[in-house]
Every structure is written in C-alpha cells, then in structure tokens.
Amino acid sequence: MTTIGLIGGTGDLGTALAVHLSKQNEMLLGSRSMDKAKTAVEEILKDKDHDYLKQNLKPAENSTVVASCGILILTVPHGNTLETISGLASKFRGDQILISATASVSRNEDEFTVDPNDGEKSIAVRIREILPGSVRVAAAFQTVPANILYREKEISADVPVAAESREVYEKVASIVSQIAGLRPLYLGSLRQAGEVERMTSFLLNIGKRNGLKSPTIKFLSF
Ligand SMILES: NC(=O)c1ccc[n+]([C@@H]2O[C@H](COP(=O)([O-])OP(=O)(O)OC[C@H]3O[C@@H](n4cnc5c(N)ncnc54)[C@H](OP(=O)(O)O)[C@@H]3O)[C@@H](O)[C@H]2O)c1
C-alpha cells in the first residue's frame with residue numbers, strides 16, 4: 315500500500331482528499347500541531363462511517379509526514395506555501411513526489427484575481443527551486459472544489475496536472491484517478507503549472523458572477 319501524506323491536511327482540501335484517498339492508501343493527515351491533526355482525524359471519523367478511514371487515516375505533524383511518505387500533497391494556503399516548504403525542506407528524505415494544490419488567488423474588492431506578487435514563475439517552479447532534486451514536483455487539484463469532495467457528492471471534473479516529467483505525471487494521474495469522477499489530464503512540464511494555478515480565480519469569478527456553485531472544469535472534445 316502507498317503512503318500518502320497531506321501537508322496542511324486539516325483544512326478544506328486536505329480533509330476532502332483524506333476522505334477519498336484513504337480508500338486505497340495509508341494516509342497521514344499532517345498539521346503544524348499534532349493536537350490539531352488528531353482533532354481533524356477525529357472529526358472526519360465522527361462524520362463518516364467508512365471502515366477504511368478507521369484503518370488507514372492517521373494524524374501526524376507535517377515534519378513526520380514529509381520524512382515518511384513517498385507521495386506528498388501540499389494543501390496549505392497560497393500565502394504560506396513557500397515558507398512552509400522552506401521550513402520543511404531539510405526533512406524530505408528524497409525519492410518522493412510532491413503535488414502542490416496551491417492556487418494563485420487574491421481578493422480585490424468584489425472580485426478574485428491572480429496574486430500580483432506571484433510574477434512570472436509559478437508557485438510549483440518556486441517549490442522546485444527550494445526542494446532537493448530527488449523530490450519530484452507536480453501541480454494538481456487547483457480546479458477541484460473541496461466541499462463537493464468532502465461531502466462525497468457526485469462529481470465529474472477534469473484535473474489538469476503539470477509535472478516534471480511524463481513519468482511523474484503518470485504517478486500523479488494514478489492518484490487523481492482513484493477519486494470517482496475525476497479525470498487527470500496532462501498539461502505538460504512544470505513551466506505550465508502557472509496556467510492551472512491561475513485557473514482558480516477564473517473559476518471563482520465565473521461562479522460568483524453567474525450564480526454557479528462550486529464551478530469546476532470539464533473539457534469537451536468533438
Ligand atoms: N478549498 C478548496 O476548494 C481548494 C480547491 C483547490 C485548491 N485549493 C488550494 O489548496 C490549498 C489549501 O486550501 P484550503 O482551502 O484547504 O486551505 P485552508 O483550509 O485555509 O488551510 C489548510 C491548512 O493550512 C494550514 N495553514 C494555515 N496557515 C498556515 C501557515 N501560516 N503556515 C503553514 N500552514 C498553515 C492549516 O493547517 P494547520 O493549522 O493544521 O497546520 C490549515 O488547516 C490552497 O493553496 C488552495 O489554493 C483549495
């Protein structure tokens with residue numbers, strides 16, 4: 315069984331991914347605080363009556379998650395992503411894949427924008443620059459609404475994945491595909507990660523202006 319770790323797993327996206335990915339994997343739900351991680355796992359177990367969650371989902375500190383899991387999913391807020399990765403960088407054991415779910419979003423009066431501080435380099439590329447080369451980086455999940463996943467509502471959505479190589483993409487795709495209704499699509503190298511990181515503010519504005527709840531994306535092909 316693969317062990318997947320969630321860095322900042324106590325939030326909306328982390329708990330939603332934990333609910334689904336614990337079906338087929340051992341999961342470590344990480345936090346800066348062990349107490350907070352334990353509470354988050356207890357809350358999920360109170361909410362959901364799935365035996366696999368009792369067996370496979372465990373709390374941990376972020377540093378333990380990073381030191382012990384082969385696959386890592388980063389689910390911390392945009393503004394804290396780089397400082398979190400810098401703080402944990404020395405704990406990575408290497409030969410791991412880190413999937414960044416961070417989106418570039420900022421709120422400007424009544425609309426969402428891409429964060430103007432993000433500049434030309436994607437967040438995923440900047441994560442790549444911080445981590446040791448033996449950790450492979452990808453970006454995914456930015457367009458997936460966490461609340462729909464957490465509530466286990468039926469979903470049909472595409473998940474663009476930017477990854478350092480096709481091989482890394484295939485591994486990330488195998489994880490995305492474990493969640494019913496999600497279809498991974500290869501976007502290309504990490505240079506493309508900015509495109510998907512910027513899609514969240516696009517989706518939030520489309521949703522807000524048009525009364526669409528939890529908008530996501532699904533590509534059509536004719
Ligand atoms: N929510 C969505 O629908 C959604 C969808 C797609 C992508 N995303 C992206 O996924 C990421 C997480 O989103 P979210 O909505 O799950 O976020 P969130 O609930 O606001 O936060 C996630 C977790 O990040 C940790 N955190 C908060 N402040 C931190 C700090 N200063 N330093 C380090 N860790 C901190 C907290 O965990 P501890 O306090 O336990 O450490 C928190 O529970 C974001 O980058 C977002 O753009 C979100």
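Residue numbering for the sequence shown follows my numbering, beginning at 315 and increasing consecutively. Just so it is clear, CB atoms sit at the ideal spot from N, CA and C, and this is done for glycine as well.
Exposure of residue i, with buried meaning 16 or more beta-carbon neighbours within 10 Å
i: S515; result: buried
i: D429; result: buried
i: S470; result: exposed
i: A417; result: buried
i: M341; result: buried
Sub-8 Å separation of residue i and residue j beta-carbons
i: V482; j: R450; result: yes
i: A381; j: R407; result: yes
i: I318; j: I385; result: yes
i: G495; j: E468; result: yes
i: S414; j: L371; result: no
Contact belief for residue i with residue j at Cβ below 8 Å, rounded distance in angstroms
i: V343; j: A351; result: It should be noted that the sequence gives Leu, not Val, for residue 343. With 8 Å as the limit, L343 and A351 qualify as a contact, their Cβ atoms being about 6 Å apart.
i: T389; j: L320; result: 6 Å
i: T530; j: P459; result: 6 Å
i: Q456; j: V510; result: 5 Å
i: A454; j: L504; result: Not quite, the Cβ-Cβ distance comes to about 12 Å (not below 8 Å), so this is no contact.
i: A354; j: T378; result: That pair is no contact at about 15 Å.
Three-state secondary structure (DSSP) of residue i
i: D472; result: strand
i: P391; result: coil
i: L517; result: helix
i: Q338; result: coil
i: I489; result: helix
i: T317; result: strand
i: L496; result: strand
i: P373; result: strand
i: G433; result: coil
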